[in-house]
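Comments concern the structure below.
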Amino acid sequence: MSFRKFKSDVATAAQKVASGAVPGIVSVANGDSDGEVVIRYRHDGLAGGVTIQALAQNVAEYPDGNIFMLWTADDDDPPDPVVAAIKTAQDYLLGISVYEMITELASRLGKEFARANGEDEMATDAGVEADDDDDEYDVTYDSDYLLDGEEFGLSVLAARPAHEEPGLPPERQMLLRRVRRDLRQVKQAGYKVGFLDSFGRTANSGLVSISIRVDKLALSDEAMEAWDVKLGEYIVLLIRFEKAYDPLERILGQPASHTAVTFRIGKCNRYKPSITQALGAFAEFNRPMPTPNAEPAGTHSGSGADTFEKLFISNSLNEFLNESFLSLLKLREARKLNWEEANELLLTKIGFLAEEQPDTDVLEGAGSDGEPPDPSLSSGQHQVLGPDHLLEGCPPSERSFPLIAMQFAMRYFVKCTEYCLRCHRRLEKSFEALRPYVCSDPLCLFQYMAMGFGPSIEHEILTEPYVVDLLVSMCYAALQPYYVNFASATSQAETKLPIRTLPAGLRFQVPNMSDANITPIKAKVVGNARLSFGDEDARHLGASLAPAKWVAFRKPQHTLTYHARILEVSQASRSAVVEVMGESSARWGAGQCAVVGPAADQATAHEGQEACEVFPYDTDFDSLGNIDKGIAMRHILDTLPPILDIEEWLNAHPHSSFRSMDRISPAAASLLQWIVSSNRSCIFQVDRSRAVTWRRHEDDTTPRPVSQLAGRGRNREHERIPGMDGWVQFRFAQGSPDKELRFNRALKEVAETVSLDAHPTIFAWHGSNIANWHSIMRTGLDYQDTRNGRAFGNGVYFSTHFGTSTGYSSGGQCWPNSDLMISTCLSLNEIINAPDQFVSKCPHYVVSQLDWHQCRYLFVKTSAWWGQRSPDHPTTVVPNKAKPELYPQAPGLEVRGPSGQPLEIPVSAIPLRTIRAEQDKGPTSSKRTIRGFEDSDNEDEEDVSILFTDDEFNVSRSPPVKKSTSRASSMDLEVAREKDAAGPPTPASIDKSLTDFEPGTLDLSSLPRLEPPTSSTSIASKALVRELHKLRSIQAETALHELGWYIDFDQVTNLFQWVVEFHSFDLALPLAQDMKRAGVTSVVVEMRFPADFPFNPPFVRVIRPRFLPFAMGGGGHVTAGGAMCMELLTSSGWSPANNIESVLLQVRMAMCNLEPTPARLDPSVRRDGPRNDYGVGEAIEAFTRAARAHGWAIPADLQRTASGV
């Protein structure tokens, strides 16, 4: 809502306060700044009164998207009850009105003063909170639970639990006990429970989180990477009970619409998010996942440990949970069905399944005694997800609704690739995928796209642009028709497309230029900018020829078709002004494979009028036949801009969708979204240099090298295989999430009968025509179509000889707008080393066992000029500092590269579980170990005490003792034990090929040390302690080279002065190259915090080394005096909601920024040279000068903060 609404609410709140509606609040008024509210509060415990200021941080989205920030404005330090009230209220101020904020604050203040005076806190709520009429609880629903004390052999007249308020009605107390009992069952099932507000304490409505750490789900490395989750993260289910908690028996006995519960699923670095993040998740239901260009990390979604972030599947699961879960639950209980059967019945009842009726016997429960153990789940997943709590032989009153909900959510999370993301029916088992998708129903595909259930295309382009280019190129090649000759001499050849599945249900419009029965609109074109129509054809103006619509037009005897957007139409002059956005071949037709390129048409800009045929974008794509669909798709893809152009546009237009780019038609946008979303393999760039691309000048075809990296994805330079010049490398994996587990299981089974010695696996190439790869990535390697014969039996064909596989890989037409210009494609695969059990081992490997091989790499040969460069121009931007450890290949079975020499495969590219312990004896072992996770993020003691409050009925029974450590997962237990023997992971064990930084080597005595400020507030001290604790945990759990910063926490002697070392910069950055040349491994930065932190920003400056000043060609936001030049660190850009992790991230990003010029070190910097540190005085002066030049507000206490006074 608008600022006017905010001002109106302030006035309304002021009137209510004036009438005495809110005890303790004596006045409310607007503050000096927009969005500021000044609140005056009085209490008998205060000598005078206290002024509290509230700032609406986002008035434009008030109230739903706004959060209030509170602080005291008085000169004197506020009393402790006021400080405590502000602190506790702060977490509940998201998405509420001004009056609700004031009543919440008043309630908190009253409780804190009552607690300080030893009074009854319940009395303070009178007149502030509305009556809770939702706490009715029919004790007959829970008659069994009345004997809870007897269950422990004690009288129910024992002492009241500590968390039961004496003023609560008996019915409310009974319901609270039921809430805690149900949540104890959740914890006993292996999940973690987090209390976020008063729910479970004193309230029967509110929020609770249930979570499980990712490492306990037994997911493969490939699945975790494809799903963007990490071992140490938690999958969190948030449950909000909007009215009083309904136990399971009540839910089963009432209509689903009567149960007021909503769900959100996501991930978090802790077992529970903050209350602010949790409330924000419910306010942002089904908004798109944040993309890297949307806003700086940490500004909205945050990057702290308690941040709640969406999963790739959150939108789909949220919709399923909120729309269907309660109905499915009731159907399961009533009909004795499993979840799949219940879903089939529900879809039938709501009319989703019109023709396909499920098995009547199944729906009636015939022979269905519940859901048996699922063979597709690993033993580790069975341990967590089962047994099915709903099937336990006990009445509903003894079962836990939250536990059933969590099991349901986790079942569909770990098995998401087996079910349609829209209707959630089980997919055909013809292909096991790493990425989930939808079924073949066109309605599901349409809703999948329209409702945002698919991946963020902007995110994919900004992080992995070469992958998107690869996917589009493969689709384009798969649209090139070929002829099938039949054995009969009288039969005619049939035209077919290599692509197996064409998009359906996307509902986009295309020009129909392949149907001879279609009469095109006749027109004359002037300079490709204006179309003039005759009297007959002018009738289309305003209909199919209207502003913002697209048309295609072509001129007789010309080789190009032009695709244009209509800017305006004129009925009077019978004309339309158009802007040409792209070109396609005019000769596209069934079986025609013309080479398309911008230079193919030599007559494109005549000043006079030329006759042309116009084809509006008005034909429904789904109405075309398959061959015509292929022709239309080729036309549309011809107009799609190069992916790197789209990436550059997205970087230049933050917060924008790729669909807003003028050069992309709605048809091209839908087609691009389908190509990316339908990919079910896991692919990541190894190459990120733009030097591998083919970039054209406007006037010629000379390659144009670009210095910046392509995409913001993870640096995989250490996974590069050398000796593959001219080939762009990708990491590539296929199969279901547990495919790696099955591969490892098959490896162990073979090892029981075959001596694998030190070489359990071998490697080999697989080549196929580019036109086949689009389908391979969606349906896997199979034998549905035989194009090259099966002379050596049925199975997947591999070869250790590079030349053999490349012979099967050529062919296929290149997408003309590709930056990679792909000409050949082949994969590198890992295979169990048992050739005698293959269908054939000579001259090729023919492997029929699907679990015996795994894709590891994809290599694409480009037609770009870079592949022909000399050895003096390597494909990598900067070589690694140290050669990575290599995977030892079996002698005589080595896979060989283009030169005929054995490939050097980095051991880091091979999953841990495929490397046997026997091969890792000795000091030079290439073994990689997986670290065990310290369970440092145990539940808060308060959460545990709430759960086990009712257990004090049994005085001999105490809450369970928290475990000190927790291993990564059952599948890694053996490796984890070996790790335990070697001690916990330390920085000294970091792989030196990934970073040259050595923590703990900085001589802190050479740096200025300050005394703590004498006037600091308790709020500042507590805030900094929380930040230090959070950062320590993050640093302990994150690989050093991935984190990029280091703090020696043992050497932090002053809470208000930190020393941070930034390191492990991408080797392609000029800054990293300068640091390597100078022998410098880190940039030493000092952070000085103000006495009133977090209400004012820290002062951040570089100490050493010296940077090249901006005036001399430097950059990276480092001023001439060493201070960081960032609006974030000024009063104009700072928000008390910022956290220090996000500050560190943004400072590092600023140093890495290449615009307008990259950061460079002063040429005089040398490791052994004289030390020339920046001084504090010059940093203050430079910061002040830069802030004033930009018009930023300088913090009032800057001099005091920076000088350490």
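Under the UniProt record's numbering, the sequence shown is numbered contiguously, ending at residue 1205.
Cβ coordinates follow ideal geometry from the N, Cα and C atoms, glycine included.
Item	Value
Are Ser908 and Phe997 close, meaning C-beta to C-beta below 7 Å?	no
With distances taken from CA atoms, which of Gly630, Tyr234, Ile910 is nearest Pro760?	Ile910
Contact between the region 535-542 and the region 572-583 is defined here as three or more beta-carbon pairs at a separation below 8 Å; is this criterion met?	yes
Looking only at C-alpha atoms, which of Glu568, Gln1199, Ser584, Phe730 sits nearest to Phe553?	Ser584
Measure how close the beta-carbons of Ala733 and Glu222 come, nearest whole angstrom, since I'm counting them as under 8 Å.	4 Å
Where do the N-terminal and C-terminal ends of the beta strand (DSSP E) with Glu494 fall, by residue?	494-496
Could you give the first and the last residue of the continuous alpha helix (DSSP H) run that contains Gly110?	98-117
Taking a contact to mean a Cβ-Cβ separation below 7 Å, would you say Thr995 touches Gly711 in this structure?	no
Spatial neighbours of Phe1095 within its chain, please: C-beta separation below 7 Å, excluding the five flanking residues on both sides.	Trp71, Pro1136
Between the region 469-483 and the region 808-820, can you find at least three pairs of beta-carbon atoms closer than 8 Å?	yes
What residue does the alpha helix (DSSP H) around Tyr476 start on, and which one ends it?	465-478
Quick one: residues in its chain with C-beta nearer than 7 Å to the C-beta of Phe798, no 5 flanking neighbours on either side, listed in chain order?	Ala764, Trp765, His766, Asn829, Ile831, His844, Tyr845, Val847
With burial defined as no fewer than 16 other Cβ atoms inside 10 Å of the residue's Cβ, what is the status of Arg1167: buried or exposed?	exposed
What's the gap between the Cα of Pro402 and the Cα of Gly393?	18 Å
Under the rule that 16 or more other beta-carbon atoms within 10 Å means buried, what is Lys748, buried or exposed?	exposed
For chain C, is any of its Cβ atoms less than 7 Å away from the one on Tyr245?	Checking the listed chains, one finds no chain C in this structure; it contains a single protein chain.
Alpha carbon to alpha carbon, how far is Arg1188 from His1117?	15 Å
Taking just the CA atoms, how far does Leu1031 sit from Asp215?	21 Å
Could you compute how far the alpha carbon of Ala305 sits from the alpha carbon of Asn269?	5 Å
Can you list, in chain order, the residues of its chain whose CB lies under 6 Å from that of Ser473, leaving out five sequence neighbours each side?	Trp815, Ser818, Ile822
Run through DSSP, which three-state label would His227 get?	Note that residue 227 is Trp in the sequence shown, not His. In this structure, Trp227 counts as helix in the three-state DSSP scheme.
Name the DSSP bridge partner or partners of Ser799?	Trp765
Suppose you measure from the CA of Ser400 to the CA of Leu470; what does that come to, to the nearest Å?	48 Å
Closer than 8 Å is the cut-off here; do at least three beta carbon pairs connect the region 720-727 with the region 846-861?	yes
Straight-line CA distance for Ser827 to His718?	19 Å
Kindly list the residues whose CB is nearer than 6 Å to the CB of Pro1070, restricted to its own chain and excluding five residues on each side of it in sequence; keep chain order.	Pro1158, Arg1160
Grab the span of the beta strand (DSSP E) containing Tyr234 for me, first residue to last.	234-241
Measuring straight from C-alpha to C-alpha, what distance separates Trp1045 and Gly713?	18 Å
Do three or more CB pairs link the region 1164-1183 to the region 1099-1112 at distances below 8 Å?	yes
Along the chain, where does the alpha helix (DSSP H) containing Leu326 start, and where does it finish?	314-335
Kindly list the residues whose CB is nearer than 7 Å to the CB of Ala84, restricted to its own chain and excluding five residues on each side of it in sequence; keep chain order.	Glu112
If we ignore side chains and look at the alpha-carbon of each, how far apart do Leu326 and Tyr191 end up?	21 Å
Are Gly897 and Phe802 close, meaning C-beta to C-beta below 7 Å?	yes
Take Ser945 as the anchor and find which of Arg201, Pro63, Arg42 has the nearest alpha-carbon.	Arg201
In whole angstroms, what separates the C-alpha of Lys963 from that of Asp940?	Unreliable placement is indicated for Lys963, whose pLDDT of 38 sits below 50; no coordinate value is reported for it.
List the endpoints of the continuous alpha helix (DSSP H) containing Arg1188.	1176-1190
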